[in-house]
Ligand code: NAD
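Numbering (this note's numbering), first residue to last: 547 to 1024.
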């Protein structure tokens, strides 16, 4: 039997803290529901210590040469890779995704660290020549201590995606990862620590989310909020951030439209989409969600999607044969079940799945395909964040674009067509931060990742992710 061997604690001022009468929260295995470890939660006094440390850490790290910041990121990537099996196992045991996905996530996180090492030494300024002997300088400097909050769906990568650009830019950071996937975050922090990151530069805390975010965002020490999570929580945190006018990066939810045209390569499209839809049991912000399929291919698309979906092997993420694991927590199957019931009540046809099922106490939901889903169904309007594919037919390209832009979300969108003119038209017209055309790959270390409209603002990754941690200063010299 594989055991969960994360050593959980708060990481503040270079010390791992636990016990001491702190409240604790159980970390569960989503495949069984069993509590496998107790996570210590930060008190208000712990958060004050973290804020004092991050202030010291910022003074130290902003004065650290970019080359030294870069080597630290490279060394951390190396440690992450060396510990890949151990950390990926912890991620699966606390989040539920299949082990192969956890390993892929870790490899991506290591690549991100190396990319940011390169960016750390490429933070340039500008010289504006004036009259002879005088000039103005445009400088880009670290914004200050960052408070970051991230969700449980990519427990390794989400943490790296917050810390790497902050450190590359010369900022210190306090991160509050999800309590439900604390072990992965703790192991990432150990890699930074063992790579030689000074203790005050990155703090990792867990706690009651509302209490932690209110305290960290009310402090004048914090100069930037970086959040990955749902739209309602994101809007709430931005209101808190407004009081001190801090900078914000908001990576919020989506409702990915997929436009499938009659001329697509149908089998290839279905193979790509079914695998992508059920990755991490659909708990992905860029998941393809509502499939708008042109009339000529709608029936074949629906039949092919259902057939492939029924063939998926669902089970414990640690079992090598599993292709989809449980959902991350008991809230998710309940929420998805309610959305499926509501879609049915609005006339949707269930082509595959449709039910949660208890297996060894785990939080499972069947991979589900619903056809002819009404636009009035809740699932067509709220982010489902689960393993349900929603299918509807359309006729014209104008109608497809109208559907893609119908909701306030604007994170990911996908289009499948072999027509080059149409590809360009769709790329221009769809309101989304990222668009895949005949592709489901939206994330790469050098590519800005982020949304528009209610899905947030400010990119992560790419040079833009580091730029979001910099402020601009102009120095005029006569
Ligand atoms: P939730 O909204 O309760 O929590 C989502 C995340 O936000 C958790 O990590 C939680 O710790 C954090 N959070 C909640 N309240 C907070 C607060 N006041 N201050 C700081 N952090 C806070 O929902 P859930 O049931 O855990 O997840 C389901 C929802 O979360 C979905 O609807 C989905 O939109 C969203 N989600 C989005 C992403 C993403 O990548 N965009 C990832 C995971 C979850």
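Even glycine gets a Cβ: it sits at the ideal position worked out from N, Cα and C.
Simplified DSSP state of residue i, which is helix, strand or coil
{"i": "residue 854", "result": "helix"}
{"i": "residue 982", "result": "strand"}
{"i": "residue 683", "result": "strand"}
{"i": "residue 1003", "result": "strand"}
{"i": "residue 776", "result": "coil"}
{"i": "residue 688", "result": "strand"}
{"i": "residue 805", "result": "strand"}
{"i": "residue 990", "result": "coil"}
{"i": "residue 782", "result": "helix"}
{"i": "residue 844", "result": "helix"}
{"i": "residue 876", "result": "coil"}
{"i": "residue 892", "result": "coil"}
{"i": "residue 905", "result": "coil"}
{"i": "residue 628", "result": "helix"}
{"i": "residue 930", "result": "coil"}
{"i": "residue 770", "result": "strand"}
{"i": "residue 820", "result": "helix"}
{"i": "residue 764", "result": "helix"}
{"i": "residue 998", "result": "coil"}
{"i": "residue 749", "result": "strand"}
{"i": "residue 639", "result": "helix"}
{"i": "residue 963", "result": "coil"}
{"i": "residue 744", "result": "coil"}
{"i": "residue 651", "result": "helix"}
{"i": "residue 955", "result": "coil"}
{"i": "residue 667", "result": "coil"}
{"i": "residue 969", "result": "helix"}
{"i": "residue 633", "result": "helix"}
{"i": "residue 790", "result": "coil"}
{"i": "residue 568", "result": "coil"}
Residue range of the beta strand (DSSP E) that includes residue i
{"i": "residue 940", "result": "934-940"}
{"i": "residue 582", "result": "581-586"}
{"i": "residue 553", "result": "That residue, residue 553, is in no beta strand (DSSP E); it is neither H nor E in DSSP."}
{"i": "residue 1022", "result": "1016-1023"}
{"i": "residue 697", "result": "Looking at the DSSP string, residue 697 is not in any beta strand (DSSP E), and its letter there is neither H nor E."}
{"i": "residue 943", "result": "Run containing residue 943: none in the beta strand (DSSP E); it sits in the alpha helix (DSSP H), 943-950."}
Option in the options with minimal Cα separation from residue i
{"i": "residue 751", "options": "775, 559 and 882", "result": "559"}
{"i": "residue 804", "options": "794, 935 and 657", "result": "935"}
{"i": "residue 654", "options": "707, 667, 727 and 639", "result": "707"}
{"i": "residue 860", "options": "1002, 796, 682 and 825", "result": "825"}
{"i": "residue 646", "options": "658, 660, 631 and 828", "result": "631"}
{"i": "residue 713", "options": "622, 845 and 915", "result": "622"}
{"i": "residue 569", "options": "753, 990 and 885", "result": "753"}
{"i": "residue 660", "options": "627, 638, 681 and 644", "result": "627"}
{"i": "residue 1032", "options": "956, 1012 and 964", "result": "Residue 1032 lies beyond the stretch modelled for the chain, which goes from 547 to 1024, so this question has no answer here."}
{"i": "residue 990", "options": "684, 999 and 1005", "result": "1005"}
{"i": "residue 876", "options": "552, 551 and 579", "result": "579"}
{"i": "residue 745", "options": "1015, 718, 1020 and 851", "result": "718"}
{"i": "residue 997", "options": "780, 619 and 766", "result": "780"}
{"i": "residue 638", "options": "827, 913 and 802", "result": "827"}
{"i": "residue 862", "options": "565, 562, 577 and 948", "result": "577"}
{"i": "residue 699", "options": "891, 931 and 888", "result": "931"}
{"i": "residue 941", "options": "1011, 809, 880 and 619", "result": "809"}
{"i": "residue 801", "options": "629, 958, 673 and 1018", "result": "958"}
{"i": "residue 1011", "options": "715, 918 and 987", "result": "715"}
Host alpha helix (DSSP H) of residue i (start-end)
{"i": "residue 604", "result": "590-608"}
{"i": "residue 796", "result": "Counting along the chain, residue 796 falls outside any alpha helix (DSSP H), though it belongs to the beta strand (DSSP E) covering 793-797."}
{"i": "residue 737", "result": "728-741"}
{"i": "residue 1009", "result": "1008-1013"}
{"i": "residue 487", "result": "In the structure as shown, the chain starts at 547 and stops at 1024, and residue 487 therefore has no counterpart that could be examined."}
{"i": "residue 706", "result": "703-715"}
For residue j and residue i, believed in contact at Cβ under 8 Å, the rounded distance
{"i": "residue 837", "j": "residue 882", "result": "With a Cβ gap of about 17 Å, residue 837 and residue 882 do not count as contacting."}
{"i": "residue 1008", "j": "residue 993", "result": "5 Å"}
{"i": "residue 1028", "j": "residue 727", "result": "Within the shown structure, residues of the chain are numbered from 547 to 1024, placing residue 1028 beyond reach of any answer."}
{"i": "residue 758", "j": "residue 593", "result": "6 Å"}
{"i": "residue 929", "j": "residue 799", "result": "4 Å"}
{"i": "residue 855", "j": "residue 925", "result": "Contact flag wrong, Cβ pair sits at about 16 Å."}
{"i": "residue 976", "j": "residue 950", "result": "5 Å"}
{"i": "residue 963", "j": "residue 749", "result": "Residue 963 to residue 749, Cβ: 48 Å. No contact."}
{"i": "residue 927", "j": "residue 885", "result": "Incorrect: roughly 10 Å between the Cβ atoms, too far for contact."}
Cβ-heavy atom distance, residue i to the ligand MN, below 7 Å
{"i": "residue 831", "result": "No copy of the ligand MN appears in this structure; the ligands present are the ligand NAD."}
*Counting pairs of beta carbons, one from the segment 864-871 and one from the segment 895-902, are three or more of them closer than 8 Å?*
By the C-beta criterion, the segment 864-871 is judged not to be in contact with the segment 895-902, since fewer than 3 inter-stretch pairs fall below 8 Å.
*Check whether the segment 732-739 touches the segment 556-571, counting contact only when three or more Cβ pairs, one atom from each stretch, lie closer than 8 Å.*
Three or more beta-carbon pairs separated by less than 8 Å link the segment 732-739 to the segment 556-571, which places the two stretches in contact.
*Please determine if the segment 571-591 and the segment 693-711 are in contact, where contact requires at least 3 C-beta pairs separated by less than 8 Å.*
As far as the Cβ criterion goes, the segment 571-591 does not touch the segment 693-711, which means the pair count is below three.
*Taking 8 Å as the threshold, find out whether the segment 763-775 comes into contact with the segment 676-695 through three or more Cβ pairs.*
yes
*Taking three-plus beta-carbon pairs below 8 Å as touching, is the segment 817-824 in contact with the segment 778-789?*
no
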